[in-house]
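According to full-length UniProt numbering, the sequence shown is numbered sequentially starting from 1. Glycine included, every Cβ here is placed at the ideal spot set by N, Cα and C.
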Amino acid sequence: MAKVELERMMCISCGNCIDICPDFFEFAGDGLSHLKALKNTEETEEIEVEDPSCCTQAEELCPVSIIHVYD
Ligand code: SF4
């Protein structure tokens with residue numbers, strides 16, 4: 001299992017994570033990125049996934065480095 005963490009309060013809404021990894025990321029109503037697997041938004045979001053797949057690419061493409069994937 002891998003852990004994906006998103007410090008969403010520092011998101012600058014560039015859209016990179018959503019473009020590269022739309023199965024995991026979306027914009028929430030406040031315009032900040034959000035992990036789709038979670039029903040409600042939180043300041044720091046965290047999910048456990050079998051396969052982080054494109055989340056690693058999102059981590060690399062996030063200009064403010066607020067996506068973290070831990071294997
Ligand atoms: S890549 Fe980073 S800054 Fe851009 S929308 Fe995603 S979390 Fe926000």
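Look at the Cβ atom of residue i, then the Cβ atom of residue j, and state whether they are nearer than 8 Å.
i: GLU43; j: MET1; result: no
i: GLU48; j: LEU35; result: no
i: VAL64; j: VAL4; result: no
i: CYS55; j: ASN16; result: no
i: SER13; j: LEU32; result: yes
i: ALA58; j: CYS11; result: no
query = Whose beta carbon lies closer than 7 Å to any heavy atom of the ligand SF4, going through the chain in order?
reply = Cβ atoms closer than 7 Å to the ligand SF4 belong to LEU6, ARG8, CYS11, ILE12, SER13, CYS14, GLY15, ASN16, CYS17, ILE18, PHE25, LEU32, SER33, ALA58, LEU61, CYS62, PRO63, VAL64, ILE66, ILE67.
query = Which whole runs of the beta strand (DSSP E) in the UniProt domain "4Fe-4S ferredoxin-type" (2 to 30) are 3 residues long or more, in chain order?
reply = Segments of the beta strand (DSSP E) lying fully in the UniProt domain "4Fe-4S ferredoxin-type" (2 to 30): 2 to 7, 25 to 27.
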